Every structure is written in structure tokens, then in C-alpha cells.
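For the sequence shown, the residue numbers in the numbering used here are 179 to 1327.
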Amino acid sequence: MARNKAPCFSPPPPPKPYSGDFLFECRRCGEFITASRSESLLVCSACRFAQKVVSSPPPEEINEVVEQEEDCGAVEGETFTDYRPPKLSIGPPHPDPVVETASLASVQPPEPTYDLQIRDDLERSKALSCLQIETLVYASQKHLQHLPDGTRAGFFLGDGAGVGKGRTMAGLIMENWQQGRKKALWISVGSDLKFDARRDLDDVGAPYIKVHPLNKLPYSKLNSKAVGVQEGVIFLTYSTLVASSKNGNSRLNQLIRWCGQGYDGLIVFDECHKAKNLAPEAGGKPTLTGKAVLNIQACLPEARVVYCSATGASELRNMAYMTRLGLWGKRTSFVDFHDFQGSLEKGGVGALELVAMDLKARGMYLCRTLSYKGAEFDVVEVPLEDDMMDMYNRAAEFWADLRVKLMSEVTLYNDKPESDRIWRTYWASHQRFFKHMCVSAKVPALVKLCLQALSEDKCIVIGLQSTGEARTEEAVAKYVSDELADFISGARELLQKFVEQNFPMIPKPVSLSDENGVKELRQKKRSAATGVSYKGRARKAAKLQAEIDAATEICSVNAAESESEFTESDDEFQIWEMCNSETKREELLQCSCCKQIKHPACFVPPEEGAVSADWTCVPCNKYLRDVDWYNKAAERMSQILRDVHSLDLPNNPLDEIIYKLGGPDKVAEITGRHRRVIKASDGNVKYEPRNRKGVPMEMVNMNEKQSFMDGSKLIAIISEAASAGVSLQADRRASNQRRRVHVTLELPWGADRAIQQFGRTHRSNQTSAPEYRLLFSNLGGERRFASTVAKRLESLGALTQGDRRAGPSLSAYNYDSVYGKRALENFYHKIVKQSSLPVAPLGCSLQKPERIQDLVVKGKAALESVGIVKDNTYVGHEDRDIHDVRRFLNRLLGIQPEMQNSLFELYLSEIDLLVEQARVEGHFDSGIANMKANTIRIKGQPKKVHIDHLSKASTVLFTLTLDRGFTWEAALTLLTEKRKDKSPASSIGFYKTKRESLGRRNCLLAFEGSSRKYRIFRPAIGEAVREMPLAELEAKYEKFSSLEDAHACWDDEYMLSFKQCLHGPRCKHGDYCTIGRRLQEVNVLSGLILPVWATVQKILAKQNREIDRRLRIVRVETTTDSRRIVGLLIPSAVVNSLLEELPFQDIDE
């Protein structure tokens, strides 16, 4: 029986004239303001922020809104899932919760077929957990296979820090030992880790396997009688791997000889990220470590290789040394590594995420991480204190002034190669200096944070990268005694060293009293025979003088020697007949400087006329000019050095922190330095070794670590030198079980190093997860250091954990992106040309445009002071310079803080505009997106389009049907629930468009979401990804007057959208268009993607529609059986072409 419905459609009202005004959202506070299209700049009435107006299309255009909502991507689901080996049940559970990313969890590894030789031993001892035993099985299984190029297949273990990779490697060595392979190479990052290797072998029950540290062995034959290493584990560092003796014998060749031809034992590349720069960025050179790792694999093709690191590849280019994974080369989609790298980088972040999934599907990769449940991450912005602000301003002024002075000196010096070297050193010192200032600026806040944590019964781990030991040693060497007045200022020492070693000066002129020069002059004069004509003598003298000048010989004598030698050897000096008479002798000239005596005719040209009493010869003239130039330059350099000493600069942060937190008795220092400056309670400052009596230097870090774990010291400071392999977590076996507060005072330069440092305090068998505090100053330029790491962290998640969102992220600080580079070009252009800005600078308003102009002019001058802008253009306007975000943010640090932050805000506004534009146009790369729907079912039989011949893993094409509709009953229930705590006057409820589209109104349900925006639900597509501001909602939609009207309109749209897209039955794309359609059919290519990557890329490139040419990675979970499918979204228009290119077979469910 049909029910009566209120009419949903009404006669179209007469069109309203478009007023030209529109709503504009403030980029700072999010408020909406009414703007006129004639306005170019607008001031927000709420926060008084002035900004450039970007007009939008007429607000009534509903089709465009829905298209944008659908093209923004999908909401992100749960990142991690609890992990347990899916196909093995050997061994006890892991002692701590372990998780895997949702992307990797959607991929199943191959069936395990390898039977462990040590299985009974492991089940009896319970030394390894189930997930560690899983690694042993799959690594040993993969090592039985060979790649198409004939080399043995390798295995990549990407477990996060603290999961227990070291013990896993020990178990793998034990398994190979029991199989008869009694030689192994274990390569790691630090020699101290040999103790950990020994401990891990003992823990798994293999005390009989000896560990031989290679750095303690000679370069001779290892298995000789003298050395006696016949079997066992050779433990070495990457530094040792590239080492050579004075005789030219290399450790690499020594290891290859020891392994022997046909070696099929283990090579463990522990912390393999040390070899990452085999394929450097443009202009760089491969590292020796990268080449050595590549060479040893090539020389031992049968070796069982294991790559082991939580951060094995922070970028795609850093995988170049992983040749045993079979990702490129023979019988793959990629000719070589460069082809592999170039093809996948075109696919964006989502394409990178497929690499880890592909490796896991082929049984050569596992990556689990400790759950971060309970861990806290907080980015703490530290404002500069007043005295530090003054110090920073003066330092920035000094560096700008120093640059001007150097430019003048370099011009006088006129030596192009030397000039280039000076400027390279200048900018490198400039960067290190202000990085030091940034770290020092955070010391007071760090001390307060530490004292607060101690009062809460917590302990602290402070992470930094540099210790300043080199600067300290240079400064201490200047003192006669060991007594120092105060701590050393690393910034001052760095600046002083730069000036002393790089100020442009000629070599100090050598005195003209050189004895060898006098003897040579006499010898040449004796060779001139008497009886020669005057013209001949003049020619000979000119030739002799030219020879002397050309060879830059010293041809003078000092006054005392000249007089005595002239008297004693008068006959020798009379080499010309014309000088034999007394009359001619009276005409001789004596140089007032060197006292050399010559006849006027002997000079070229001859000296004519009267000469002054202070007459000097030509060589002396040059000498005196050089002396004058040198003395003046030396005075200018001395004045600069005096200015350096007058600057108020901060002390070495590490020494300052230790002193303010109680000294060495309270703080455990786990760094690479050997000596340090300490201040006693009486104020005396001493420079002393770090090791105490009875503790050798090589054990000092181990001793300090034990002091921290025992609780005798509650603060630990770790540097990069100690960031790998050290466990400082709240271990259940340790006396100190206080919760750790891990503070990063100085963020590492790379994400791999950051992850390593984070992993020092978050490890297995801990009583509590740590609190992480990342300290940044409020300087815009310091974010450059965060930017570099953030870029690595985002791609690191994709490569080492299969999901770009895995692990701690600093994506908000990632400016070195495609949008950051384009924004930098726009920023340069607007500052240099002084054109309109996207937003008004901080502290400016439209009411005072002259202030905006003044700030732009000053900003341009500031950029000139750091060498970015010159003569109304940017220095180095090649493409790489215009888009060099690192250089820009490096140089930005040298600008005074107020201007630095204003320029940085302008740069950020350019990024925001570009990102928003990319989102609107559907070009923004959001990585893997979750496709959501009420019901998701697999349609028909999946098609297998590729099978890997080694692992038997396959590539499968799934066709799925998605019903995205949101029923009236569901919408009404949701509205009733949301209205419980809201007043009747609330804006939540059902809305309809103010204008018709295709003869009908569209409706939606809106209720409050986040940040003063509203969540939107539509009948056809359910919840929209994009939240809508209230002002936009009220401008484009109006509330239904009754629930009956809303019900009727909702049901009509729900039914009509079942198989019809938003554009109506006459859509030019026909059935291929799914925008606004409730029932959607999608195709996902899942499983192994890399083997068919080139084919898919070629087919998509031929499509006409831009949306069909894009590579999009999606994640789908069926509602019928909760099956997770992750892969490439294949447009329906290209499915037939794909199946024609790839032979397929239907899969029986």
C-alpha cells in the first residue's frame, strides 16, 4: 500500500540574481566572513588576520560540492592491529603487546614449509617468542630459494626497535650452525654491541658459538695457525668493513678469503640503514659503506643474507643495496634499481606502501612493532627567553655584517677557487652556529621539564646529536693549565675558527734577508764577464733581472750583511768595467730597504734622474706593498675576532645541562666523547676524562648505562654515538623501573636515527611505556631540522612498516614536499617582485598598507643578508635552487627571530594555498584510503592475473559492489541521539539545497563535528569525508520545515541514486561514472603488485579522463566475511584492457 508523501519537488522559483558576494573562511581561526569579489585582501573580524581573498564559485552549485567530497579520499581507519603469527603456533607469546599495521595485516605470508632443526631446543628453553621463531622459519625458508639472476634470495627483518631482533639473529645463527654452516658474519654499527651479540647467543642456548671481534684481529689470514679463527661468528662494524691497513690490505678482502669460495653461511647486516646512501641524491657520491655492502654480496653469491633494521629504508633510494630481495633485475618489471626507483616514485606515497606488502606476500619480509599503547607524544614549542632573544639578534647581525666584510675581502683577494671554498665553509659554519643557538635556547625549558619529571617520581632520558667535543678540545688547547674560567662556548669557538682559518689573506711576506737568495744572486753576478759593451751589459742585466723576477727569488740582503759583504768582497761586486772608476761608483744607488747596491743603468728600465733618500728597489717595493696589505688585512681580521669575543654567546649545551641537573654524579652520560668540562661545587672548572678510576674508556658507556638502570642516576643523556643497541627502558629486570620521560633536545637529522633514538626507551619487557617530549624553539628556521626528519618519517612508515601513518609522525613539520617546493618558488617571486601576498604578515592590517610594504622591503633585505636574494633576483635561479627548501630554512635561521617568523608565516601561507587547491582539484596524495560503505561484497570470482614462481604468491583482481546508501531510519536514529544534549534552536538537522539541480532538491543531515564544522550525511553516499563550516551550510542549504518533507525527499534521493550518478541519466561518462551513485562497483588489484606495475602504469597512462590515469591505493574490508583487501584501484573503464594484457584464471572460492 502506497503511503502519502509530501511533495519533494516544487516548481522552480525565479532565479535570484547572483550578488557577487561570497563566504570566505579565515585561514587562521576558521571563521567565515562575507567578502566581495572585488576585494583582494580581507581582515577577519574575529582575529584581525589580514589575508588574500580567493573567490569561490557560486555557493548554490551542489554538484561540485559532492564531487569534491568524493574525490577527497576516504577516512583513515585503525592504523594498527594486534599481531600473532597467522600460520605458525610454535613458541610462547611475546612478553609485550606487538602490533602490525593494517596495510601489512591485509597481506598473508606464504605457507611455512621449513622444519627448524632447533625447534625442540627452543620449545624446551622458551628463549624465543612465537613471532621470533616465525622469523627464523621464513628467513630459513627463503634462503633455500635462488633469484632469477642466480644469487641466493635474502630476507628483510624490519621489526621495530625493542622487539628483539638481536636475539632473533642469534637464533638464526644457531639454526645454521646445527645445519653444518659454522661460519657467520655479523655486521653492526658499534663495537660495544659485540657484548650484546655474545649475550644473545648465550640466551638462546648457544654458548659454544664463539664471537670474534674483527677489530681485535690482525689483517693476516684469519684461519691461519697464528690467528686460529676456523669457525664461529666474526663480529665487525661497518667502519671496520671499509677499513684498510697501511700496506693496503682491506678487511673486505680478508673476510671474503675467510668465507671461501661457495660460502653459503649467514651474513647479517644488522642496523643495515648504515648502508643506505649507495644511491645518493643528485650531485652526491655513493658512500664507501654502501659500496662495501654491495661488493661483499656480489663476491659471495651463495651467502644467506639478512637485512635487519627498524629503519631499513627511510627513502626508496636507500634500498639500493638490497639486491637479494629481487625487486629489480632479471624477470621483474624493472630493468635496474634506477628504473625501480623512478617508476614507484611516480606513484606517490601510496605506491611506496605497496613495497612492504609485496615483500611480505613473497615471504621475505616481516615487520612487527611494540604497541605504543600507553606511550605519549607531545611536541613542545619553547619560546626564546629575553636574554636569548637579545643574544640571537646580535648574532644574526654579526653574521650579516661578517658576510658583507668577507665579500669585500674576497673581491680584493681575487682568487676564484679559494673564494668558492670560503663561501662553502661560511654557509656550513653558519648552519652549525645557529643550530647550536637553537639547541642552547631550549636548555632552560629542558631543565624545568626534567626537574618536574623527577618530582613526579619519573626518570629522564635526553636525546641529542652533537656533544661539541671537537670545539671544546680546540679551546682547551689554547690554555696553558687545566684551569678554565668557565664552560666553553661551542658557538664562539666555531665562529672564531672560521674567521682564523678562512679570512682571505695573502701568505705572510717573507723577509728579504734570506741567505740562499743572496748566494744565488752572487753566483749569477759572477757569471757576467767583464769587457762587454754597455748595451750588452744592460741586456744581460735585464735578462738576469727577468730571470730573478720570474722565479720569484729574493735578491736582496739586509742592511748589516750588505755593508759588510760589500766591504769584504768589493772585487766580486765590481762586475762591470763602467763601475771601476771612483766617478762611476758615486752614481751607484743603494736601496733604503734591503741596502742592495746597483748602477742606475742596471735597472730595467734604467733608473734616471735624482732619487730620494728613501728610494727602494723593485723587489722591495713589492715586498713593502705586500707587507702593508697583509698588516691591514690582519688588523681587520683581528678586529673581527675582537668582535667575536665581545659577543655574548651560550655555553656548550651538554656541559650546561649536566651542571644544572646536578653534575656527573647525578647524570649518566652515554655519548661518544672521551673528555668533558665539569664545574665543581666550589666553582672551579676542569677538563677531565669521562672514565673514573678502574673503568676503561671503552666500557665507560656501559658503566653509565648500568648506573642509570640501577637507579643511582635518574637522568641519562644519549647522543647519536649511543643511539643504536642501548636499552634504557623501564625493564622488569632492572632496579630503576620509574617511567621514562624521553626528551629530544636536538632532533636527529634523519628519521632512521630518530626512530633508533625513540627505541632506546620503548622496548620489550618494560613495566611502563615512555613519555616522549619533542622540543622545538619558536623559530621558524629551526623547523628545517624537523622538516628533514618529518619527510623521512612519512616515507619511513610506508617502507619499513607498510603504512605511512605508522610510528610517531611529524608530518605537520614536513615542508620539503612537492607543495613546499612550489610554495617556495611563489614565495621568492612575491618577495623579490614585491607583488601581492596571500596573507598579510603578522602584526599588519589592511588599514595600514604602508606597514605591509615596509615589512616586505625589510624581508627582502633580510633575505639579501643571508645570500638568497641579490639584485632583484634569487641567487642561483636554477630549478634546484628555487625549490631548495632545505637551503631556504637553513639560511632563515640566520635572520633575526621576529623577521624570521614573519617570513616563515608567509611561506606557510603559500603551502596552505597550494595544498587546499590540490585537495579541491583532487590531486592531493593521501596515500592508502579506506573505502567505506554499509555493505561491501565481492562480485563474481576473483581473477588471478600473476603468480610468483618462487613464493607462489599471486596478483588477484577483485570486483566489489559497495552500497553506500544511508537509510532514513538510520539518519533519524542518528539525529535523535545527537539531539539529546542540544537545544531546539541548534543548527543540527535535515537540510535541502536552496536551488534545484536537474529539476530536484538534494538533501542532507548535518550535526556538529570538530573545529566548529559540521559532519554531513547524504542519502546516496553516507557520511562525507569533508566537514562543512556552519556558514557554508547556511549559505547553500536551508532546513526542512517538517520531518515529513525531509523523509519524502530523503527516500526519493535514496532510491533514485541506486544506479544513477549525480549527473543524471545523460551523464557523458555513462555507467563508468559513480559520483553520487549509491551502488558502486570497484575493482581492486591486490596481492603482488610490483610484478605487474609496469603493465598497469602503461594502461592507465592511455586513459582520457584524468581521474582514470591516477594511481590510487585503497583499503577495503568486506562486510560479509571481514576480508581485508588492499591494492590498486582499477577504473572499470580499463579492466578489459588489463585482462587482455595479463593472462588470468578464475579463482574458486
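Built from N, CA and C at the ideal position, the CB exists for glycine as well. Bear in mind that the values here come from a model prediction, so they are computed numbers and not experimental data.
Is the CB-CB distance between Pro263 and Leu309 below 8 Å? yes
State buried or exposed for Asp448, treating a residue as buried only when at least 16 other CB atoms are found within 10 Å of its CB. buried
When you compare the CB of Val625 with every CB in chain C, is at least one pair closer than 8 Å? Absence of chain C from the displayed structure is noted, only one protein chain being present.
Which of the three DSSP states, helix, strand or coil, is assigned to Asn1108? strand
Cβ shell of Gln319 (< 7 Å), same chain only, five flanking positions each side left out: Pro290, Thr291, Tyr292 and Gly541
On a CA-only basis, which of Leu430, Asp298 and Val483 is nearest Arg330? Give me that one, please. Val483
Look up Ile1267 in the DSSP assignment and say whether it is helix, strand or coil. coil
Report the residue ranges of all alpha helix (DSSP H) runs contained in full by the region 371-459; include only those spanning at least 4 residues, in chain order. 371-381, 416-419 and 429-437
Output needed for Phe1236: all residues of its chain with C-beta closer than 6 Å, excluding positions within five of it in sequence on either side, in chain order. Arg1256 and Leu1257
Is Phe1236 helix, strand or coil by DSSP? coil
Endpoints, the beta strand (DSSP E) within which Tyr801 is located: Looking at the DSSP string, Tyr801 is not in any beta strand (DSSP E); the run it does join, the alpha helix (DSSP H), is Val796 to Ser824.
By Cβ distance below 7 Å, which residues in the same chain neighbour Val420 in space, the five residues on each side in sequence not counted? Leu466, Thr467 and Ala470
To the nearest angstrom, how far is the alpha carbon of Ser973 from that of Tyr997? Here the model assigns Ser973 a pLDDT of 43, short of 50, so the residue's position is not dependable and the matter cannot be decided.
Evaluate contact between the region 1074-1093 and the region 1004-1013, counting only Cβ atoms and requiring at least three cross-stretch pairs below 8 Å. yes
Inter-stretch contact (C-beta, 8 Å, three-pair minimum) for the region 343-357 and the region 503-520: no
Can you tell me whether Asn862 is helix, strand or coil according to DSSP? coil
Looking at the structure shown, is Gln1079 part of a helix, part of a strand, or coil, going by DSSP? A small fix is needed here, since residue 1079 is Asn in this sequence, not Gln. Three-state DSSP puts Asn1079 in a helix.
On the CB-based measure, 16 or more other CB atoms within 10 Å of its CB, does Lys372 come out buried or exposed? buried
Can you give me the Cβ contacts of Gly340 inside the same chain, cut-off strictly under 6 Å, excluding the 5 residues immediately before and after it? Leu548, Gly937, His940, Arg941 and Ser942
Cβ separation of Asn1068 and Gln609, assumed to be a contact under 8 Å, to the nearest whole Å: 5 Å
Three CB pairs or more closer than 8 Å across the region 907-914 and the region 845-862: no
So Asp598 is in the alpha helix (DSSP H); what residue range does that whole segment cover? Lys594 to Ala619
Range covered by the alpha helix (DSSP H) that runs through Arg1069: Val1063 to Leu1070
Just to confirm, is the Cβ distance from Leu1081 to Ile1073 under 8 Å? yes
Compare the beta carbon distance of Val545 and Leu282 with 8 Å and say whether it is the shorter of the two. Checking the sequence shown, residue 545 turns out to be Cys, not Val. Going by C-beta atoms, Cys545 is nearer than 8 Å to Leu282.
In terms of alpha-carbon separation, which member of Ser521, Gln934 and Arg377 lies closest to His451? Gln934
Nearest CA to the CA of Leu1176: which residue from Arg1157, Leu1234 and Ala384? Leu1234
Within the same chain, show all residues whose beta-carbon is closer than 7 Å to that of Tyr865, passing over the 5 residues directly before and after it, in chain order. Val654, Asp660, Leu662, Arg853 and Val855
Mind the definition here: the region 1279-1296 touches the region 515-529 only if three or more C-beta pairs lie below 8 Å; say whether that holds. yes
Report the option in Thr645, Lys583 and Val558 whose CA atom is closest to the CA atom of Lys626. Val558
Straight-line Cα distance separating Met497 from Leu1182: 48 Å
Length of the line joining the Cα atoms of Trp601 and Asp556: 38 Å
Is the region 634-649 touching the region 823-843 in the sense that three or more CB pairs, one from each, lie closer than 8 Å? yes
Cβ separation of Leu1317 and Ala1131, assumed to be a contact under 8 Å, to the nearest whole Å: Incorrect: roughly 20 Å between the Cβ atoms, too far for contact.
Run through the DSSP bridge pairs and tell me what Gly641 is partnered with. Ile896 and Thr922
Could you pull the start and end residues of the beta strand (DSSP E) that Leu505 belongs to? Per DSSP, Leu505 belongs to no beta strand (DSSP E) and is neither H nor E.
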